[in-house]
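Working notes, beginning with the structure itself.
Numbering (this note's numbering), first residue to last: -8 to 349.
Written as structure tokens, this is what we have:
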């Protein structure tokens, strides 16, 4: 089958790809992991297909019926294939608000919104509303304050997807690329980071995750706390890592050379490395910030540039407050709380922005 000619909607309608998305067939999961890894040029189509499948899966009734209607609509007319003009692509590609145009409407999906820095995927049904939040960085970093109070700093060219009802019934996020996490504690609701290669479960900790699909490598660096990492291929073999350790998982690729194996399992390579003090692998998130008699407006500009989060002022007077201090290896909320102790002000987080007032 010529999957290399597939576009997002074609992948969604393929049964084995559906099994990969749902994780219901191990053979399909392994096949698509290997296929995606060996076809990096199709990454954008795969991401769009995965998000579309998730959208159809969330509270939408009979997904098989919806996928049948989707495939029927795509087979009937090219009018359902719409090019996204907001992205620069090497060649024209199709995109789907197709469910908005299919002659027999899908059972629920009604709204699809696109933005470059932040994308919301909203699907309404007769019973209740569902939402999937998607964040994507371009050339710069972006810091997110999640609903549970956790901080996430995305490295450039990375994306984060939040599942439905995040922080109320689950704390699961899906990461592509690299990110630094500072997780808010909640013993009853573990924080889970899902990547294409691994699943990281934490309670309260700070850590960095980097994934390189082209090389089939996933790395988890623990700064504090404790995390458990499972590979998606072998979830029955969890690995616990401790502070100042790096867990490296490299997916086995069958290149025709003889390799040792364990039973019928491919010999994936895993390892734990101890990080030396001052390791440069997390230097992109850790930086010394030196403030010398600067006003809060100037300080806000520095923090915005480094952490990639918007800071707004509700009062003009507070902009002139002056501070001096040195901050190293601290997140943006910790810095603001420390400044508050010197000369009080208030701040609040809403819609992933920080608002400062007297």
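The beta carbon of each residue, even a glycine, is placed where N, CA and C say it ideally should be.
Distance between residue 334 and residue 366 (C-alpha atoms, nearest Å): Residue 366 is absent from the model: the chain starts at -8 and stops at 349.
| said: According to DSSP, is residue 3 part of a helix, a strand, or is it coil? | reply: The count along the chain shown starts at 1 and reaches residue 3 at position 12. Judged by DSSP in its simplified three-state form, residue 3 adopts helix.
message: Could you compute how far the alpha carbon of residue 1 sits from the alpha carbon of residue 306?
response: Mapped onto the chain shown, residue 1 falls at position 10. Mapped onto the chain shown, residue 306 falls at position 315. About 52 Å.
| With C-beta atoms as the reference, is residue 209 less than 8 Å away from residue 189? | For the purposes of this step, residue 209 is taken as residue 218 along the chain shown, with counting starting at 1. For the purposes of this step, residue 189 is taken as residue 198 along the chain shown, with counting starting at 1. Judged by beta-carbon spacing, residue 189 lies within the 8 Å limit of residue 209, meaning their Cβ atoms are closer than that value.
Find out if the Cβ-Cβ distance for the pair residue 200, residue 169 is shorter than 8 Å. For the purposes of this step, residue 200 is identified with residue 209 of the chain shown, where counting begins at 1. For the purposes of this step, residue 169 is identified with residue 178 of the chain shown, where counting begins at 1. With contacts defined by Cβ atoms closer than 8 Å, residue 200 and residue 169 form a contacting pair.
So, at 8 Å on beta carbons, what are the nonlocal neighbours of residue 303 in its own chain, with the 5 sequence-adjacent residues on each side left out? Position 312 of the chain shown, counted from the start, is the residue given in the question as residue 303. The residues 344, 345, 346, 347, in chain order, have a CB closer than 8 Å to that of residue 303 in the same chain once the five nearest residues on each side in sequence are set aside.
>> Relative to the C-alpha of residue 39, which candidate in 144, 19, 127 has its C-alpha closest?
In response: On the chain shown, position 48 is the one that residue 39 refers to. Of the candidates 144, 19, 127, 127 places its Cα closest to the Cα of residue 39.
Requested in this report: Could you tell me which uninterrupted beta strand (DSSP E) segments, each at least 3 residues in length, are contained entirely in the region 306 to 332, listed from first to last along the chain?
Outcome: Listed in chain order, the complete beta strand (DSSP E) runs (minimum 3 residues) inside the region 306 to 332 are 313 to 319.
The region 156 to 168 touching the region 324 to 333, judged by at least three CB pairs closer than 8 Å: By the Cβ test, the region 156 to 168 is not in contact with the region 324 to 333, since fewer than three Cβ pairs between them sit closer than 8 Å.
Check your understanding: Using a Cβ-Cβ cut-off of 6 Å (strictly less than) and excluding sequence neighbours within five positions of residue 26, which residues of its own chain qualify?
Key -> Taking the first residue of the chain shown as position 1, residue 26 is located at position 35. Beyond the five residues adjoining it in sequence on each side, residue 26 comes within less than 6 Å, by CB distance, of no other residue in the same chain.
| residue 165 and residue 185: beta carbons closer than 8 Å? | The sequence position of residue 165 within the chain shown is 174, counting from 1. The sequence position of residue 185 within the chain shown is 194, counting from 1. Yes.
* Asked: I think residue 298 touches residue 196, with their Cβ atoms under 8 Å apart; what is that distance to the nearest whole Å?
  -> Position 307 of the chain shown holds residue 298. Position 205 of the chain shown holds residue 196. That pair is no contact at about 19 Å.
| query | So, is residue -1 buried or exposed, given that buried needs 16 or more other C-beta atoms within 10 angstroms? | reply | Position 8 of the chain shown, counted from the first residue, corresponds to residue -1. With a 10 Å radius around the Cβ and a threshold of 16 neighbouring Cβ atoms, residue -1 comes out buried.
field: Opening and closing residue of the alpha helix (DSSP H) in which residue 293 lies
entry: If you number the chain shown from 1, residue 293 lands on position 302. In the DSSP annotation of this structure, the continuous segment of the alpha helix (DSSP H) that includes residue 293 starts and ends at 287 to 298.
Exercise for review: Would you list the one or two residues that DSSP bridges to residue 281?
Suggested key: As a working mapping, residue 281 is identified with position 290 in the chain shown. Residue 281 pairs with 317.
What are the residues that DSSP puts in a beta bridge with residue 197? Start at 1 with the first residue of the chain shown, and residue 197 comes out as number 206. Bridge pairing for residue 197: 173, 215 [DSSP].
**OP:** Measure the CB-CB distance between residue 286 and residue 312 and report whether it falls below 8 Å.
**Re:** Along the chain shown, read from residue 1 onward, the residue named residue 286 stands at position 295. Along the chain shown, read from residue 1 onward, the residue named residue 312 stands at position 321. Contact annotation: residue 286 and residue 312 have beta-carbon atoms nearer than 8 Å.
- Query: What first and last residue would you give for the beta strand (DSSP E) that runs through residue 242?
  - Reply: Residue mapping note: residue 242 aligns to position 251 of the chain shown, counting from 1. Where residue 242 is concerned, there is no enclosing beta strand (DSSP E), given that its DSSP letter is neither H nor E.
Between which two residues does the beta strand (DSSP E) harbouring residue 337 extend? Taking the chain shown and counting its residues from 1, the one referred to as residue 337 is at position 346. Taken as a continuous stretch (DSSP letters only), the beta strand (DSSP E) holding residue 337 covers 337 to 341.
query = DSSP state of residue 25, grouped into three classes?
reply = Walking along the chain shown from the start, residue 25 turns up at place 34. Look at residue 25 here: in three-state DSSP terms it is helix.
Check your understanding: Should residue 9 be labelled buried (16 or more other beta-carbon atoms within 10 Å of its own) or exposed?
Key -> Residue mapping note: residue 9 aligns to position 18 of the chain shown, counting from 1. Around the beta carbon of residue 9, a 10 Å sphere encloses 16 or more other beta carbons of the protein chains shown; the residue is thus reported as buried.
Between residue 264 and the rest of its own chain, which residues show a CB-CB distance below 6 Å, the 5 nearest in sequence each way excluded?
Reading the chain shown from its first residue, position 273 is the one you call residue 264. Excluding positions up to five away in sequence, the list reads 237.
**Asked** Between residue 219 and residue 231, which are expected to be in contact by the criterion C-beta below 8 Å, what is the C-beta distance as a whole number of angstroms?
**Response** To locate residue 219, count along the chain shown from 1; it is residue 228. To locate residue 231, count along the chain shown from 1; it is residue 240. Rounded to the nearest angstrom, the Cβ distance from residue 219 to residue 231 is 5 Å, consistent with a contact under 8 Å.
- In DSSP terms, what residue 128 is bridged to: If you number the chain shown from 1, residue 128 lands on position 137. Looking at the DSSP assignment, residue 128 forms no beta bridge with any residue, so it has no partner.
To the nearest angstrom, how far is the alpha carbon of residue 154 from that of residue 142?
The residue labelled residue 154 in the question sits at position 163 within the chain shown. The residue labelled residue 142 in the question sits at position 151 within the chain shown. In a straight line, the C-alpha of residue 154 is about 16 Å away from that of residue 142.
Next item on the list: Check each candidate in 4, 125, 206 and name the one with the smallest Cα separation from residue 31.
Entry: As a working note, residue 31 is residue 40 in the chain shown. Nearest of 4, 125, 206 to residue 31, Cα basis: 206.
So, residue 317 versus residue 136, is the Cβ gap smaller than 8 Å?
Taking the first residue of the chain shown as position 1, residue 317 is located at position 326. Taking the first residue of the chain shown as position 1, residue 136 is located at position 145. Against a cut-off of 8 Å, the Cβ pair of residue 136 and residue 317 comes out as no contact.
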